[in-house]
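Presented below is the structure to which this report refers.
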Amino acid sequence: MNADAKELAASFDLEKLTPEFYDNPYPTYRALRENEPVKRLPNGTVFLTRYDDLVTTYKNTKSFSSDKKREFAPKYGNTPLYEHHTTSLVFNDPPAHTRVRRLIMGALSPRAIAGMEADLIKLVDGLLDAIAAKGSCELIEDFAASIPIEVIGNLLDVPHDERTPLRDWSLAILGALEPVVSPEAAARGNKAVKDFLSYLETLVARRRGKPGNPERDVLTRLIQGEGNGEENGERLTEKELLHNCIFLLNAGHETTTNLIGNGLVALDRHPDQKQRLIDHPDMIKTAVEEMLRYESSNQLGNRMTTERVELGGVMLDAGTSVTLCIGAANRDPAQFPDPESFDIARTPNRHLAFATGAHQCAGMALARLEVAIAISRFLARFPNYAVNGRPVRGGRVRFRGFLSVPCAIG
72 MNADAKELAA SFDLEKLTPE FYDNPYPTYR ALRENEPVKR LPNGTVFLTR YDDLVTTYKN
132 TKSFSSDKKR EFAPKYGNTP LYEHHTTSLV FNDPPAHTRV RRLIMGALSP RAIAGMEADL
192 IKLVDGLLDA IAAKGSCELI EDFAASIPIE VIGNLLDVPH DERTPLRDWS LAILGALEPV
252 VSPEAAARGN KAVKDFLSYL ETLVARRRGK PGNPERDVLT RLIQGEGNGE ENGERLTEKE
312 LLHNCIFLLN AGHETTTNLI GNGLVALDRH PDQKQRLIDH PDMIKTAVEE MLRYESSNQL
372 GNRMTTERVE LGGVMLDAGT SVTLCIGAAN RDPAQFPDPE SFDIARTPNR HLAFATGAHQ
432 CAGMALARLE VAIAISRFLA RFPNYAVNGR PVRGGRVRFR GFLSVPCAIG
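The opening residue of the sequence shown carries number 72 in this note's numbering; numbering runs sequentially from there.
Structural data, given as structure tokens:
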């Protein structure tokens, strides 16, 4: 086994992944963590799998940059995807990152999120009613994917009858972030950015003419900037505004869909933990944290070294592209006792599903609320639910989730 693990680590190439890896990457991540935790890949990039190395990288924003212009220029060329992925919040360093994040966080205050709970419960209960009437369930299409698209639609105050294309746009744009992008995937992503920008220009023009409440309407807040339109308020350029609206939808959509789906499948595969949560519904908060750790919906992050720096005993030259493997770090036994076990009572649970440091996910409190309500109410309504066919994975390494999960509701 040890020799096999060494060979698995030695042969690992992020650009040549096998079907077995997409199905279950964790044996490979373990082999890398134990044998080559700072792994040089054939393309010259470095792949990190240890928890402490990821935390060091996240927190040292001076040596490890989030700015993606240098990395994405050869990948995308002069295209809408390049413009989008180098303008959005997540792929920028301070001060641009700080400015945009502050505006978004202002609209995602604890009070604002608490105010969303009643509408979220109503949405989830409506989906559960529809599932009950149908008598069966496809977990992703009928449930998991329907929740975040409505929540983000409400945050940006997108009219309900205009939300249909949002999910496909998001999937196409995020799909282009995979390590290897086919010409077809790039074409879909570029078209999605163009179509999304065109739609947002119309939406923003309408909102400028009729502003919403900046305490709860993120789009109005981003348009008006800090100070709600006062002269000294921080403002976004039109390009920053439009691309960060796309980012908000994408960041809040696929990852939350995946987390709800991953969580319900994990409970189905661990019936003792499922029964434990049914018997003790007050454990939902620690259960959600364990779902985030055990099967993180966002598995990879990226940084670029700005100077020569030592990491995990390895010297990295300036300009080295670094991939942070969140999925591996979240199962590092140095941080998590018995990390391969799914334990809904696990504490402490300092997982990295939302990253850490300056780039910690701005929407993590909202995501936690969505998942807690979705899973607790699904479990209360259908305690005997069971996956009754082969779930279909999304076929991605960066964003881990299911495309479909057939389910009997009991």
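Glycine included, C-beta positions come from ideal geometry on N, C-alpha and C.
G434 beta carbon less than 9 Å from that of L274: No, the pair does not count as a contact, with Cβ atoms beyond the cut-off.
Proximity of E86 and N114 at Cβ, strictly below 9 Å: Their beta carbons are under 9 Å apart, which means E86 touches N114 by this criterion.
Closest residue to Y97 among S447, G460, T120 (Cα-Cα distance): Residue T120 holds the alpha-carbon nearest to the alpha-carbon of Y97 among S447, G460, T120.
Whether F470 touches V336 by CB criterion (9 Å): When the beta-carbon positions are compared, F470 and V336 stay at least 9 Å from each other.
Span separating the alpha-carbon of F92 from that of A81: Straight-line Cα distance between these residues: approximately 15 Å.
Pairwise C-alpha distance: R172 and C432: In a straight line, the C-alpha of C432 is about 10 Å away from that of R172.
Endpoints, the beta strand (DSSP E) within which K281 is located: Where K281 is concerned, there is no enclosing beta strand (DSSP E), given that its DSSP letter is neither H nor E.
Distance between P454 and A443 (C-alpha atoms, nearest Å): Rounded to whole angstroms, A443 to P454 spans 15 Å at the Cα level.
Three-state secondary structure assigned by DSSP to V252: Here V252 sits in coil by DSSP.
N114 in three-state terms, based on DSSP: Assigned with DSSP and collapsed to three states, N114 falls in coil, not helix or strand.
D213 and L198 closer than 9 Å at C-beta: Contact flag set, yes.
Closest Cα partner of G481 within the set A263, G465, Y456, D138: The shortest CA-to-CA distance from G481 to any of A263, G465, Y456, D138 is the one to Y456.
S136 - partner residues in DSSP beta bridges: In DSSP, S136 forms a bridge with M375.
Range covered by the alpha helix (DSSP H) that runs through L226: 217 to 226 is the extent of the alpha helix (DSSP H) around L226.
Span of the alpha helix (DSSP H) around L396: Correcting the residue identity first, residue 396 is Cys in this sequence and not Leu. Looking at the DSSP string, C396 is not in any alpha helix (DSSP H); the run it does join, the beta strand (DSSP E), is 392 to 396.
Unbroken beta strand (DSSP E) run spanning L387, endpoints: Start and end: 385 to 387.
Delimiting residues of the beta strand (DSSP E) encompassing P230: Counted as a single uninterrupted DSSP element, the stretch harbouring P230 is not any beta strand (DSSP E), since DSSP gives it neither H nor E.
C-alpha gap between P342 and K140, whole angstroms: The alpha-carbon of P342 is positioned some 46 Å away from that of K140.
Distance between A204 and T427 (C-alpha atoms, nearest Å): Each residue's alpha carbon lies about 42 Å from the other.
I244 and H155 closer than 9 Å at C-beta: For I244 and H155, yes; Cβs fall inside 9 Å.
Member of R277, L227, H324, E366 whose CA lies at the smallest distance from the CA of D239: Distance from the Cα of D239 is smallest, within the candidate group R277, L227, H324, E366, for H324.
Buried or exposed by the 16-neighbour rule on C-beta atoms within 10 Å, applied to E361: Under the 10 Å beta carbon count, E361 is surrounded by 16 or more other beta carbons and is classified as buried.
Contact between the segment 406 to 417 and the segment 157 to 171 (3+ Cβ pairs under 8 Å): Of all C-beta pairs linking the segment 406 to 417 to the segment 157 to 171, fewer than three are shorter than 8 Å, placing the two stretches out of contact.
Residues that A276 bridges to, as DSSP identifies them: Partner(s): none; A276 has no beta bridge.
Buried versus exposed, by CB contacts within 10 Å (16 or more), V117: It is buried - the Cβ of V117 has at least 16 other Cβ atoms within 10 Å.
L423 vs P352 beta-carbon contact at 9 Å: Taking 9 Å as the Cβ cut-off, L423 and P352 do not qualify as a contacting pair.
The alpha helix (DSSP H) enclosing L319, as first and last residue numbers: Element bounds for L319: 309 to 340.
Close-in-space but distant-in-sequence residues of the same chain around I192 (CB under 8 Å, 5 per side omitted): Closer than 8 Å at Cβ, skipping near neighbours: I444, R448.
Unbroken beta strand (DSSP E) run spanning E381, endpoints: Run containing E381: 380 to 382, per the beta strand (DSSP E) assignment.
Residues sharing a beta bridge with A470, DSSP: For the sequence presented, residue 470 should be read as Phe rather than Ala. For F470, which the question treats as bridged, DSSP gives the partners N369.
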